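Chains as they are written, first to last, in my numbering: chain A, 845 to 941; chain B, 845 to 941; chain C, 845 to 941; chain D, 845 to 941; chain E, 845 to 941; chain F, 845 to 941; chain G, 845 to 941.
For reference, the structure is listed below as structure tokens.
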Amino acid sequence: MAPPIRRLILDVMKPHEPDIIEFAEVVAGCTGVSGVNVALVETDRVVQNLKLTIEGDAIDAATIEGAITDLGGTVHSIDGVACGERLVDERDTPQDN
Amino acid sequence: MAPPIRRLILDVMKPHEPDIIEFAEVVAGCTGVSGVNVALVETDRVVQNLKLTIEGDAIDAATIEGAITDLGGTVHSIDGVACGERLVDERDTPQDN
Amino acid sequence: MAPPIRRLILDVMKPHEPDIIEFAEVVAGCTGVSGVNVALVETDRVVQNLKLTIEGDAIDAATIEGAITDLGGTVHSIDGVACGERLVDERDTPQDN
Amino acid sequence: MAPPIRRLILDVMKPHEPDIIEFAEVVAGCTGVSGVNVALVETDRVVQNLKLTIEGDAIDAATIEGAITDLGGTVHSIDGVACGERLVDERDTPQDN
Amino acid sequence: MAPPIRRLILDVMKPHEPDIIEFAEVVAGCTGVSGVNVALVETDRVVQNLKLTIEGDAIDAATIEGAITDLGGTVHSIDGVACGERLVDERDTPQDN
Amino acid sequence: MAPPIRRLILDVMKPHEPDIIEFAEVVAGCTGVSGVNVALVETDRVVQNLKLTIEGDAIDAATIEGAITDLGGTVHSIDGVACGERLVDERDTPQDN
Amino acid sequence: MAPPIRRLILDVMKPHEPDIIEFAEVVAGCTGVSGVNVALVETDRVVQNLKLTIEGDAIDAATIEGAITDLGGTVHSIDGVACGERLVDERDTPQDN
Chain A
845 MAPPIRRLIL DVMKPHEPDI IEFAEVVAGC TGVSGVNVAL VETDRVVQNL KLTIEGDAID
905 AATIEGAITD LGGTVHSIDG VACGERLVDE RDTPQDN
Chain B
845 MAPPIRRLIL DVMKPHEPDI IEFAEVVAGC TGVSGVNVAL VETDRVVQNL KLTIEGDAID
905 AATIEGAITD LGGTVHSIDG VACGERLVDE RDTPQDN
Chain C
845 MAPPIRRLIL DVMKPHEPDI IEFAEVVAGC TGVSGVNVAL VETDRVVQNL KLTIEGDAID
905 AATIEGAITD LGGTVHSIDG VACGERLVDE RDTPQDN
Chain D
845 MAPPIRRLIL DVMKPHEPDI IEFAEVVAGC TGVSGVNVAL VETDRVVQNL KLTIEGDAID
905 AATIEGAITD LGGTVHSIDG VACGERLVDE RDTPQDN
Chain E
845 MAPPIRRLIL DVMKPHEPDI IEFAEVVAGC TGVSGVNVAL VETDRVVQNL KLTIEGDAID
905 AATIEGAITD LGGTVHSIDG VACGERLVDE RDTPQDN
Chain F
845 MAPPIRRLIL DVMKPHEPDI IEFAEVVAGC TGVSGVNVAL VETDRVVQNL KLTIEGDAID
905 AATIEGAITD LGGTVHSIDG VACGERLVDE RDTPQDN
Chain G
845 MAPPIRRLIL DVMKPHEPDI IEFAEVVAGC TGVSGVNVAL VETDRVVQNL KLTIEGDAID
905 AATIEGAITD LGGTVHSIDG VACGERLVDE RDTPQDN
């Protein structure tokens, strides 16, 4: 069995409706998700760009992508993923700048 | 039942009266809210721009939006929302800059 | 009863006398105040601009504004207020910049 | 026996497929790995540049490099490694700027 | 009785002698002071500009100002004061920039 | 007996081979070392510039310098050292900028 | 008795020999010193500029200055000192910029 996904960071584009709260509630309702943080990155006349930080013990990325698509959104890119027995954070190195 | 909203960050425009304290008290009085932080972002001759960071165990966004409207304010945008079993913070990624 | 105010951040203009210490002592003496931090933001020939961070379990904003006025100061603006069952801090979002 | 590797930070280039999640799952599945954080650094038409922060009690760098190669990726550079009895973080000095 | 002063931050100008250590020792010896941090801000041919961060349970500002004057120094300005039952730190707001 | 060295920060130049992992393992294997963090600062066609943060209860600097030399590396400079009964970190002062 | 010095931050100039490690060991060996952190600030052909962060329960500044002088170094300036019953850190104020 693949090691569990513990954090998934998604860049999502969505129409104005449904709103950011409904996206958060639907994603937070997916199995394996303990909580989700949705931050509004940009809004223009037609779409909103959201950053989703999703955490849980066994996140199912495909289910989440499906839920987002069902709401009319698109996963523009997967910006980060952390998986394994424990949650590991990114660490700075001199190469980052 | 939708997973509970644990943090809601709102960008609010309001007239000078009622003042920022009354807005804080009214929003803090809404069901499901444990506390609210209201920061003054900008003031001009006619309106004030506030940033509300609202936290609780089961925030009811519609009730809060209604309370703000009743005070003469407008929710300009929902800048952030966190919901689920536990409160998840946004995490930096190299894509943020 | 309105939810208690737990933090109040005030931008205050005052004449050189009485000094910043007397302002701090008077505000700290107001009911419901556990402590106050007064930072000197700017000084010119006539006035001083202070930033007051006031914390407590049930801050009475009107009493504090009155005390500041009695000392010859003016509350230039209320820059922040936090109220409710617990003290909530402001949270960053991508919209802040 | 060589002291165990406890953190390995890799700069990896990979084609668009398989996606970043599969890379994370495969690396997290390698012996001695407790968890992995994969951050998307850059994407262009053909390749993605990832930053892997891998932590564990006895990371086997060769196995990980092999797993990445098997997925079609390349370890562009080893940006950081920490090994020994305990995990030591990099410390700033005035020489860093 | 006025609420106790728990932190006092002073901008002090002093001649080269006595040195910064003697200033620190004398201020730390004043009643109500638990400790003092003295940072050298600037030095020119004649004077030194010091920043004193003084903490205690009941700081006596007048005594400290007197002690500094006796050493040949001048309190250029009181940059910060915190008083009350507990020590409160300054909190950032969007107005600070 | 000289007080023990608890942290040593070295700027090291090395050829591409052996790689950064071997350097980390060899240094981590030296007596008195609890762990080492090696960060890649710069790479060019011929050499790599590494920053080593070495921690332990009684680091033997000469042994480490010897081990690095045996691997074909050179200690370009000792950027930091902390020694004594306990590990002391560098503290900022206004003079640092 | 003067309140004890708990932290002393010195800007030291020294010739290339003896090296930074010997300076650290000698200062760490002085009475009242629990530990010392020595950071290399600058090196030129003739001298090195070091920043010493010295901590202890009763630091004897004169002894340390003497030890540094005996090694061929010079205390260029005392950049910081903290003394009293407990160690107090410098606190930011709006006046710092």
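For glycine and all other residues, C-beta sits at the position ideal for the given N, C-alpha and C.
In this text, all values refer to a predicted model and were calculated from it rather than measured experimentally.
Which listed residue (the options) has its alpha carbon closest to that of residue i
{"i": "G/D914", "options": "G/V885, G/I853, G/F867 and G/G924", "result": "G/F867"}
{"i": "C/T897", "options": "E/D888, E/V932, E/E861 and E/V880", "result": "E/V932"}
{"i": "A/E934", "options": "D/D940, D/G924 and D/Q939", "result": "D/G924"}
{"i": "A/I908", "options": "A/Q939, A/I865, A/V856 and A/V871", "result": "A/V871"}
{"i": "F/A906", "options": "F/K858, F/T875 and F/P847", "result": "F/T875"}
{"i": "B/D878", "options": "B/P938, B/D904 and B/E899", "result": "Looking at the sequence shown, residue 878 of chain B is not Asp but Ser. Minimum Cα distance to B/S878 is reached at B/E899."}
{"i": "B/G916", "options": "B/R850, B/Q939, B/L884 and B/I864", "result": "B/I864"}
{"i": "A/I922", "options": "D/V885, D/I912 and D/C927", "result": "D/V885"}
{"i": "G/P848", "options": "G/A911, G/P938 and G/D904", "result": "G/D904"}
{"i": "G/V891", "options": "G/Q939, G/H860 and G/V919", "result": "G/H860"}
{"i": "A/P862", "options": "A/T918, A/D940 and A/A926", "result": "A/T918"}
{"i": "G/V851", "options": "E/I853, E/V882, E/R850 and E/K858", "result": "Here residue 851 of chain G turns out to be Arg, not Val, going by the sequence shown. Measuring from the Cα of G/R851, the nearest candidate turns out to be E/V882."}
{"i": "B/I920", "options": "A/T887, A/N893 and A/I853", "result": "What sits at residue 920 of chain B in the sequence shown is His, not Ile. The shortest Cα separation from B/H920 among A/T887, A/N893 and A/I853 belongs to A/T887."}
Interface flag, residue i vs chain B, CB-CB below 8 Å
{"i": "A/D936", "result": "no"}
{"i": "A/D901", "result": "no"}
{"i": "A/D863", "result": "yes"}
Min CB distance residue i to chain F below 8 Å
{"i": "D/I908", "result": "no"}
Cutoff 8 Å: residue i Cβ touching any chain G Cβ
{"i": "E/R850", "result": "no"}
{"i": "E/D855", "result": "yes"}
Buried versus exposed, by CB contacts within 10 Å (16 or more), residue i
{"i": "D/D901", "result": "exposed"}
{"i": "E/V880", "result": "buried"}
{"i": "E/C846", "result": "Reading off the sequence, residue 846 of chain E comes out as Ala, not Cys. By the 10 Å Cβ count, E/A846 comes out exposed."}
{"i": "C/R889", "result": "exposed"}
{"i": "G/E869", "result": "buried"}
{"i": "E/R930", "result": "exposed"}
{"i": "C/T937", "result": "buried"}
{"i": "D/D855", "result": "buried"}
{"i": "F/G928", "result": "buried"}
First and last residue of the uninterrupted alpha helix (DSSP H) at residue i
{"i": "A/D904", "result": "Per DSSP, A/D904 belongs to no alpha helix (DSSP H) and is neither H nor E."}
{"i": "F/K868", "result": "Here residue 868 of chain F turns out to be Ala, not Lys, going by the sequence shown. I864 to A872 is the extent of the alpha helix (DSSP H) around F/A868."}
Extent of the continuous beta strand (DSSP E) run through residue i
{"i": "D/P859", "result": "I849 to P859"}
{"i": "G/V880", "result": "V877 to T887"}
{"i": "G/A926", "result": "T918 to G928"}
Min CB distance residue i to chain A below 8 Å
{"i": "B/A846", "result": "yes"}
{"i": "D/I873", "result": "Here residue 873 of chain D turns out to be Gly, not Ile, going by the sequence shown. Chain A, which has a Cβ nearer than 8 Å to the Cβ of D/G873, makes this yes."}
Cutoff 8 Å: residue i Cβ touching any chain E Cβ
{"i": "C/I912", "result": "no"}
Closer than 7 Å: residue i CB and nearest the ligand GDP heavy atom
{"i": "F/D933", "result": "As far as ligands go, the structure on display features none, and thus does not contain the ligand GDP."}
Within-8 Å CB hit, residue i to chain D
{"i": "F/A868", "result": "yes"}
Report task. Residues of the region 877-897 of chain F with a CB closer than 8 Å to any CB of chain D: list them in chain order, please. Result -> V877, S878, G879, V880, N881, V882, A883, L884, T887, K895 and T897
**Report entry** Selection of the region 922-935 of chain D by Cβ proximity to chain F, strictly under 7 Å
**Finding:** I922, D923, G924, V925, A926, C927, G928, E929, R930, L931, V932, D933, E934 and R935
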